[in-house]
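Heads up: the sequence lines are chains A and B, in that order. For the first sequence, position 89 matches number 89 in our numbering, and the numbering has no gaps at all. Heads up: take any position in the second sequence, counting from 1, add 288, and you land on our numbering. Structure record follows, encoded as structure tokens.
There are 2 protein chains.
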Amino acid sequence: MSCVTEKARIASFGGKLLKLSHNASTTRCEMSFNLYLPPGATDGAAGTVPVLIYLSGLTCTADNCSEKGFFQHGASKKGIAVLYPDTSPRGLNIEGENDSWDFGSGAGFYVDATKAPYSEGYKMYSYVTEELPQTVFQAFPQLDSSRVSITGHSMGGHGALTLFLRNTGKYKSVSAFAPIANPINCPWGQKAFKGYFGEDQQEKWKEHDATELLKKWSGPELDILIDVGTGDNFYKQGQLLPENFQAAADAGGHKGVKIRYQPDYDHSYYTMATFADDHIEHAAKYLK
Amino acid sequence: MSCVTEKARIASFGGKLLKLSHNASTTRCEMSFNLYLPPGATDGAAGTVPVLIYLSGLTCTADNCSEKGFFQHGASKKGIAVLYPDTSPRGLNIEGENDSWDFGSGAGFYVDATKAPYSEGYKMYSYVTEELPQTVFQAFPQLDSSRVSITGHSMGGHGALTLFLRNTGKYKSVSAFAPIANPINCPWGQKAFKGYFGEDQQEKWKEHDATELLKKWSGPELDILIDVGTGDNFYKQGQLLPENFQAAADAGGHKGVKIRYQPDYDHSYYTMATFADDHIEHAAKYLK
């Protein structure tokens, strides 16, 4: 029996976008998520459909990118399912969790908090790497758990890069839009890691910093696609720091790290929509 | 000097989406609208860029389709500008204009109201057919005022069909998503026409009813593309009545009226996003 509740099934680009939820033990609450099944994949044979996980940015739910990111367009053509998780636990009633737009609710940062009170439920790393995929692969056997790629935007770009770099071989490929590429050195990341890990846990911080992880990378040759808009105010404010990630790539000789600076593009879903097909194409190279 | 104020310029699919406003005399208020300029069209030579007008549905502003409709994807490839008007005057402070989601604000129905108090400002027919294009073609001389097509969704599909059928030759082509195709026979249309024209103005009602206008059509051969989702609850509730429009087309021998019933698709922007490229293609046949 599936422990997933289907709340809506929406026709989209020849496939179906499912709005789903389940009771998650890692995050101690009901978690909503969306799953796009491409044409023919609503009841396909077991293990036939690869999956791209899309991690959203600050303040977002699973719905934002499902509506505005245009990933279904390319995923439909390539026969790839897209899994859109939420960005944090919801409704845990932890004091202060709804006070900021860049910390707590909608801002789980894809880490397992170790500092109280957030250590009770803010376990988005375990949720996204383990509990959610286990739940989804059980409920949708047509999906292929051995062919999974990951991408994301902003905080979700940080999530995609760090989950990929921390779990060699788990994901077939990674890409990112405007990722928070060096969180230990930007205000968003420092605030989050202080709150979730504690100010004195610098080694822990580095374990969830894409630039630090890249410095230590010893896995196979990397092929990472990153798009950053030159009109992105958060890039200009130093929240993203892709240049630090590039420097680490250069120092390590990782020639497959490709950061494309897209002229005038901003931090919004208009940017994702424009380049979504490219990121689907990047994932499809490894998923098909 | 342009009387258009630019509020934002957003990179999208290689072109720019401009968020604009102007003081409109027909509607007696400041009107917001969006204009997508495809690649190379931000400062192109005079009269080189054709225009597709997209009319939105109930409750929408110019932003909804700009973000979720993905017309920019196809318009970028075809070199077509997309003009997104608002759906009503705003802030006129007419008693009751904000009481309903399907009448008044956000629900101008693309008619010129003749009944008080809405006759003071609710002139969306004149606004969309005359004042807005005049303003836009003056401010953006790269646009070609002789190559304009029209499309729209729901109330905006009604608008597209009626503006096309009332103005022979003004628009090069027309298409619609889930149009209110026979408003004099559905609750939405009856409520709107009662409020904007008066209950006893049946002849006036017919002048803004696509099915009635089709019965009287004596212009060139028609080529109209309409998409309706079979999972559209408003279609099921009899608000759209595309079957009446089809019957009028069949009776008049208008074989070019093509209504596609798309299985499972609903009334949302997921449907528009899926078929936007087809409607751009339809317009491009006549605009290029």
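The beta carbon of each residue, even a glycine, is placed where N, CA and C say it ideally should be.
Buried or exposed by the 16-neighbour rule on C-beta atoms within 10 Å, applied to residue i
{"i": "B:Glu408", "result": "exposed"}
{"i": "B:Gly507", "result": "exposed"}
{"i": "A:Ser290", "result": "The requested residue 290 of chain A is not part of the displayed model; chain A covers only 1 to 288."}
{"i": "B:Gln550", "result": "buried"}
{"i": "A:Glu203", "result": "exposed"}
{"i": "A:Cys3", "result": "exposed"}
{"i": "B:Ala564", "result": "buried"}
{"i": "B:Gly379", "result": "exposed"}
{"i": "A:Asp266", "result": "buried"}
{"i": "A:Glu95", "result": "exposed"}
{"i": "A:Lys170", "result": "exposed"}
{"i": "A:Lys216", "result": "exposed"}
{"i": "A:Lys123", "result": "buried"}
{"i": "B:Met289", "result": "Residue placement at B:Met289 is flagged as unreliable, the pLDDT there being 39, under the threshold of 50; the coordinate-derived value follows with that caveat. Its Cβ having fewer than 16 others within 10 Å, B:Met289 is exposed."}
{"i": "B:Thr423", "result": "buried"}
{"i": "A:Asn23", "result": "exposed"}
{"i": "B:Ala334", "result": "exposed"}
{"i": "B:Thr417", "result": "buried"}
Nearest-angstrom Cα separation, counted from residue j out to residue i
{"i": "B:Ala350", "j": "A:Thr114", "result": "45 Å"}
{"i": "A:Asp86", "j": "B:Asp331", "result": "41 Å"}
{"i": "A:Leu287", "j": "B:Gly447", "result": "44 Å"}
{"i": "A:Met31", "j": "A:Ser126", "result": "13 Å"}
{"i": "A:Ser76", "j": "B:Gln489", "result": "48 Å"}
{"i": "A:Leu20", "j": "A:Val82", "result": "13 Å"}
{"i": "B:His496", "j": "B:Ala299", "result": "37 Å"}
{"i": "B:Leu449", "j": "B:Ser463", "result": "7 Å"}
{"i": "A:His274", "j": "B:Phe301", "result": "In the sequence under discussion, the amino acid at residue 274 of chain A is Thr, which differs from the His named in the question. Each residue's Cα considered, the two are about 5 Å apart."}
{"i": "B:Leu510", "j": "B:Ala498", "result": "13 Å"}
{"i": "A:Lys172", "j": "A:Lys68", "result": "25 Å"}
{"i": "A:Gly156", "j": "A:Asn64", "result": "13 Å"}
{"i": "A:Ala192", "j": "A:Arg28", "result": "20 Å"}
{"i": "A:Ile150", "j": "A:Arg166", "result": "13 Å"}
{"i": "A:Gly106", "j": "A:Ser100", "result": "9 Å"}
{"i": "A:Phe109", "j": "A:Asp144", "result": "26 Å"}
{"i": "A:Gly189", "j": "B:Tyr523", "result": "48 Å"}
{"i": "A:Glu212", "j": "B:Lys546", "result": "58 Å"}
{"i": "B:Ala427", "j": "B:Tyr372", "result": "15 Å"}
{"i": "A:Phe70", "j": "A:Asn233", "result": "22 Å"}
{"i": "A:Pro242", "j": "A:Ile184", "result": "13 Å"}
{"i": "A:Asp278", "j": "B:Pro467", "result": "33 Å"}
{"i": "A:Gly253", "j": "A:Ala247", "result": "10 Å"}
{"i": "A:Leu35", "j": "A:Gln72", "result": "10 Å"}
Strand pairing of residue i, partner residues [DSSP]
{"i": "A:Asp266", "result": "None; A:Asp266 has no bridge partner."}
{"i": "A:Glu6", "result": "A:Leu20"}
{"i": "A:Gly15", "result": "A:Ser12"}
{"i": "A:Ser32", "result": "A:Ser21"}
{"i": "B:Val545", "result": "B:Ile512"}
{"i": "A:Ile53", "result": "A:Leu83 and A:Ile150"}
{"i": "B:Leu325", "result": "B:Lys304"}
Distance between beta carbons of residue j and residue i, contact taken as under 8 Å
{"i": "B:Phe533", "j": "B:Leu513", "result": "Their Cβ separation, rounded to whole angstroms, is 12 Å, which puts B:Phe533 and B:Leu513 out of contact at 8 Å."}
{"i": "A:Gly79", "j": "A:Val49", "result": "7 Å"}
{"i": "A:Glu131", "j": "A:Thr26", "result": "5 Å"}
{"i": "A:Cys186", "j": "A:Gly238", "result": "6 Å"}
{"i": "B:Phe465", "j": "B:Thr559", "result": "7 Å"}
{"i": "B:Cys305", "j": "B:Glu294", "result": "It is worth fixing the name first, because residue 305 of chain B is Leu in this sequence and not Cys. Incorrect: roughly 11 Å between the Cβ atoms, too far for contact."}
{"i": "B:Tyr484", "j": "B:Val399", "result": "5 Å"}
Between the stretch 51–85 of chain A and chain D, which residues of the former have CB atoms less than 9 Å from a CB of the latter, in chain order? Protein chains A and B are contained in the structure displayed, whereas chain D is not.
Ordered list of alpha helix (DSSP H) runs contained in the stretch 69–125 of chain A, each at least 4 residues: 71–78
Note down, one range per segment and in chain order, each alpha helix (DSSP H) of at least 4 residues found wholly within the stretch 431–518 of chain B. 443–454, 475–484, 490–495 and 498–503
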